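Per my numbering, residue 154 is the first one in the sequence shown, and the count goes up by one each step.
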Amino acid sequence: MRIAELRATLAMMKKMLVTGALGQIGSELVPALRERYGSEAIVASGIRFRPVNSVTEGGTFEILDCTSVDDISAIVQRHDVGTIYHMAAIMSAIGEKKPEEAWDLNFGAFANILKVARQHRCAVFFPSSIGAFGPTTPSQNTPQDTLQRPTTIYGVAKVAGEMLSDYYAARFGLDTRGLRLPGLISNVTPPGGGTTDYAVDIFYQAVREKRYACFLRAETRLDMMYMPDAISSITQLMEADASRLKHRNAFNVTAMSITPAELAAEIQRYIPDFVMDYDVDPLRQEIADSWPDSMDDSAARAEWDWSPRYDLASMTKDMLKKVRTKLK
Ligand code: SER
């Protein structure tokens, strides 16, 4: 067994800590990790014990405020944590309403995570985003390595997080890995305060009211992904053979590049009288316009065999089925 594999196996034997476990990604990542590695191997955490659900009840759950290095360190020691999935974050539109708080959480807390990871030799997963790009980035087929001058605090914190992850890997040999995730479409926990949230809200409104007022213009093209693919992308990257990874952090990953009009048309195939109105929010429109239309994810495909399962058609079909069951 190669040293890298041995290290990876040892890290796997230790526990996995998930921060922000009650958020949009965390609430699906925790059950997936419990299923994959065994419930006793996973420590879920959040800033509060609410809502009480399968994440808080289905295994270990700790209250953790990631702005405290000591609190992170205590949990990592108490549970013998070997890998940290850092999902706690404030989304892009809310970030613009409270930029300093967003920086403290989205960058400051992540810097704390890396500090503790260095002390205890933990592997770290960092979710970067399409928000790490800005208006001067090439927006079509956005390359893996390109100009990154984001104009939101969310994006500034993501770029800084990507770079700090690279730094800890290069300088301290820490196993940091990360993805630039697109807008995520899911049906367990709703997103809150993001620019891509329309692609989730639309399903609930389509099923409930057959009508949705979209806060982005009809032709706003953005990358999206269905949550089951996002969860697989995270576990696949964390299990990937380290010797194949040239870009350890911030891999572009995408599953579809769609506009609100295209999503509405796909929903109309199942709900023909669904009506889409547009009530554009200038803040979120400006943010969306500064992000790529479509990312090139060939580095992820080449370095760890990334390939999404869901496209617009299969995602829409499954979302409608799940949201209908949920709202019954
Ligand atoms: N979904 C996030 C947002 O809209 C982007 O990563 O803020």
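Each residue gets a CB set at the ideal place from its N, CA and C atoms; glycine is no exception.
Predicted, not measured: the structure shown is a model, and the values here were computed from it.
By the DSSP assignment, the beta strand (DSSP E) with Ser282 in it spans what residues? 276–282
Please name the residue or residues paired with Arg364 in a DSSP beta bridge. Val428
Helix, strand or coil for Ala408? Go by DSSP, reduced to three states. coil
Excluding the 5 residues flanking Trp256 on each side, which residues of the same chain have their C-beta closer than 7 Å to its C-beta? Ile306, Ala310
Heavy atom of the ligand SER within 6 Å of Thr412 beta-carbon: no
State yes or no: is the C-beta of Ser180 within less than 7 Å of the C-beta of Val341? yes
Using only alpha-carbon positions, find the residue among Val360, Asp350, Trp457 that is nearest to Glu392. Trp457
In whole angstroms, give me the CA-to-CA distance for Ser339 and Glu253. 28 Å
For His232, the first and last residue of its enclosing alpha helix (DSSP H): Segment 222–232, the alpha helix (DSSP H) holding His232.
Leaving out five residues before and five after Gly336 in sequence, what residues of the same chain have Cβ atoms less than 6 Å from its Cβ? Thr349, Ala352, Leu375, Met377
Could you tell me the alpha carbon to alpha carbon distance between His239 and Arg271, rounded to whole angstroms? Cα-Cα distance, rounded: 14 Å.
Do you know whose CA, among Asp298, Glu193, Thr213, lies nearest Ile283's CA? Taking only the C-alpha atoms, the option nearest Ile283 is Asp298.
Return the residue from the list Trp444, Lys474, Cys275, Lys470 that minimises the CA-CA distance to Gly287. Trp444
Evaluate Glu249 with the Cβ neighbour count: other Cβ atoms within 10 Å of its Cβ, from every protein chain shown; 16 or more gives buried, anything less gives exposed. Glu249 is classed as buried because its beta carbon has at least 16 other beta carbons within 10 Å across all chains shown.
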